[in-house]
Amino acid sequence: MNANFVTPRGKKFRLGQKLGSGKEAIIYEVVGTPHKVAKIYQQGTTPNRDKIEAMVRMGTPHPAIAWPEDLLLDASGDLAGFTMRRIEKADELHDFFNPLRGSNPNLHRAWHVAYQIAEIMSACHQHNLVIGDVNARNILVTPSDTVAWVDADSFQVPSGRKIHYCEVCVPCYLAPELIGADFKTTERPIHVDTFALAVLVAQILLLGCHPFAGGDAGPPKEKIEDGTPWLWGAIGGPTKAPKPQPVVGDDVLAAFDRAFGTGLRQPDQRPAAMAWCQLLRTGLNNLVPCPRHNQHYHLGKGPCYWCQTSPNAFGPPTNRRAKTARPPMPPPATAVPQQPLTWRKPVSLAPYLGFAMLVLAGFALFGTGVMSPPETRGPKTQQALTFGRQIMKADGLLTGKGGATTFAMLTITPLNGAAAGRFQVKLETADETLSATAEIDETDQKLTIDQCCQFRLLSANGKTLFEVQGIYRGTLEQY
Numbered sequence: 001m002n003a004n005f006v007t008p009r010g011k012k013f014r015l016g017q018k019l020g021s022g023k024e025a026i027i028y029e030v031v032g033t034p035h036k037v038a039k040i041y042q043q044g045t046t047p048n049r050d051k052i053e054a055m056v057r058m059g060t061p062h063p064a065i066a067w068p069e070d071l072l073l074d075a076s077g078d079l080a081g082f083t084m085r086r087i088e089k090a091d092e093l094h095d096f097f098n099p100l101r102g103s104n105p106n107l108h109r110a111w112h113v114a115y116q117i118a119e120i121m122s123a124c125h126q127h128n129l130v131i132g133d134v135n136a137r138n139i140l141v142t143p144s145d146t147v148a149w150v151d152a153d154s155f156q157v158p159s160g161r162k163i164h165y166c167e168v169c170v171p172c173y174l175a176p177e178l179i180g181a182d183f184k185t186t187e188r189p190i191h192v193d194t195f196a197l198a199v200l201v202a203q204i205l206l207l208g209c210h211p212f213a214g215g216d217a218g219p220p221k222e223k224i225e226d227g228t229p230w231l232w233g234a235i236g237g238p239t240k241a242p243k244p245q246p247v248v249g250d251d252v253l254a255a256f257d258r259a260f261g262t263g264l265r266q267p268d269q270r271p272a273a274m275a276w277c278q279l280l281r282t283g284l285n286n287l288v289p290c291p292r293h294n295q296h297y298h299l300g301k302g303p304c305y306w307c308q309t310s311p312n313a314f315g316p317p318t319n320r321r322a323k324t325a326r327p328p329m330p331p332p333a334t335a336v337p338q339q340p341l342t343w344r345k346p347v348s349l350a351p352y353l354g355f356a357m358l359v360l361a362g363f364a365l366f367g368t369g370v371m372s373p374p375e376t377r378g379p380k381t382q383q384a385l386t387f388g389r390q391i392m393k394a395d396g397l398l399t400g401k402g403g404a405t406t407f408a409m410l411t412i413t414p415l416n417g418a419a420a421g422r423f424q425v426k427l428e429t430a431d432e433t434l435s436a437t438a439e440i441d442e443t444d445q446k447l448t449i450d451q452c453c454q455f456r457l458l459s460a461n462g463k464t465l466f467e468v469q470g471i472y473r474g475t476l477e478q479y
């Protein structure tokens, strides 16, 4: 785009190559200013000029946020967009913790990213800002595991006696007290951010598992609204799966319980963003590197949890170990990023649906208890889907071990006792629902799986045959 825009003070900016686009705006490079990009609103979108002006006057609360820096006016003097800092080679947080994308971050990387997110949110809250639309697509992670926050113009921003509202949300991150609210007229308290933060921390540390994804059918947003106990709730949780203390520790698990247990209906009981910073910093400092596998980290003293339960978790050893040094204190809000970053267009899950369905993504069936390993290949009429590998139960994660791959999934037996037929598959991820069909016949078959989500297998008349959810990777066989 070879177009010129000016600031209210007359400074000119010329736009260059298009870098990415969304529903409301397009991102362009700024000619002659490599550390900035321009966000230009699409036709039909009416930006809130007063809000953007207030944000420019305020300045960024944290340098990791892609904050509005200069207003850009068109030839008529109307607000066309704004400049902001550039984000380099970054992927959405959704891709970071989703095994379908092959990221598979070790615990040090996961804790470090979670800590940065909590620290950015804490800085916003100290400036009386509410992020509002907290979700895994507005947060980007660079190859060096540095976090950046985008779409800041959707934040809830105070300006004198006026509040500029956050008018959007992703339902599975929305606190229950705001479900059904009119976001154009509703002021959001800080507690709605801390609910979403707890969900994100759970997803990051537990490989994408949403805390309200287990138990009975239905997406997380419905369970949040209904007050369904969270997955590993202290009282009345919907699953018998072992609690993940070996992965997150007692203190973080207790914080989850405050956020999703008592905090589900008592927002002031949710841990604040600063409290999450302290918990995650402590956990990060307490991670112990495994002497045998440089991608394994565990909490506290004793032998490596992963070597004992899932030796191939997080992939093979590499030549470089992540540093376990104490995370640095955040720079002052006026700091300028040392290395300009570039914008990368977000990636949608939709193009991968065909692959995910062809390979019939596998399963983490929480609530099943101990799974027995298949002894020998049974007759075709057995009509059960199981791993063709030894199945074992780890303390905190259900895993199966086969070849060079570590799995986290088990057995599926259709409710009607027969696996043959053509079915509708509904795939539910954290923020979108996709569907496709899958064919299961009566012959021996192997279905490669590599997915992390929740889905239901339905018959043609819509009757649920079986439901599973969770974290999985491996090869599924029908005997």
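If you're matching positions, the sequence shown starts at 1 in full-length UniProt numbering and goes up one per residue.
Every residue gets a Cβ at the ideal spot worked out from N, C-alpha and C, and that includes glycine.
These figures come from a predicted structure and were not determined experimentally.
- When DSSP reads this structure, R85 sits in a beta bridge with K36.
- Excluding five sequence positions before and after D251, the CB atoms of its chain that fall closer than 8 Å to its own CB belong to L279, T282, G283, given in chain order.
- Shown here, N4 sits in a strand according to DSSP, grouped into three states.
- Here I179 is exposed, its C-beta having fewer than 16 other C-beta atoms within 10 Å.
- In the three-state DSSP reduction, D145 falls in the coil class, being neither helix nor strand.
- Looking at V37, W111, T142, C277, the one whose alpha-carbon comes closest to that of R85 is V37.
- With a cutoff of 8 Å on beta-carbon distance, I190 and V147 are scored as not near each other.
- According to the DSSP secondary-structure assignment, Q156 is paired through a beta bridge with V130.
- Taking C-alpha positions only, T262 is separated from N286 by approximately 27 Å.
- In the structure shown, V56 falls within a helical segment according to DSSP collapsed to helix, strand and coil.
- In the displayed model, F183 falls within coil according to three-state DSSP, outside both helix and strand.
- If you check the CB distance, P47 and L93 do not come in under 8 Å.
- In this structure T45 is exposed. Its beta-carbon is surrounded by fewer than 16 other beta-carbon atoms within 10 angstroms.
- Of all C-beta pairs linking the region 191 to 210 to the region 128 to 144, three or more are shorter than 8 Å, placing the two stretches in contact.
- Judged by DSSP in its simplified three-state form, D74 adopts coil rather than helix or strand.
- Here DSSP, grouped into helix, strand and coil, assigns V30 to strand.
- Proximity to I27 across T194, M58, D151 peaks at D151, based on C-alpha coordinates.
- Secondary structure at V201: helix, using DSSP grouped into helix, strand and coil.
- Within the same chain, H293, N294, Q295 come within 7 Å of P317 by CB-CB distance, once the 5 residues on both sides are set aside.
- Taking all protein chains shown into account, G59 has fewer than 16 neighbouring C-beta atoms within 10 Å of its C-beta and is therefore exposed.
- If you draw a straight line from the Cα of A272 to the Cα of L264, it comes to about 14 Å.
- Fully enclosed alpha helix (DSSP H) runs of no fewer than 4 residues occupy 245 to 260, 273 to 286, 305 to 309 of the region 239 to 316, in order along the chain.
- The residues F183, K184, in chain order, have a CB closer than 6 Å to that of E167 in the same chain once the five nearest residues on each side in sequence are set aside.
- For F13, the enclosing beta strand (DSSP E) begins and ends at 12 to 21.
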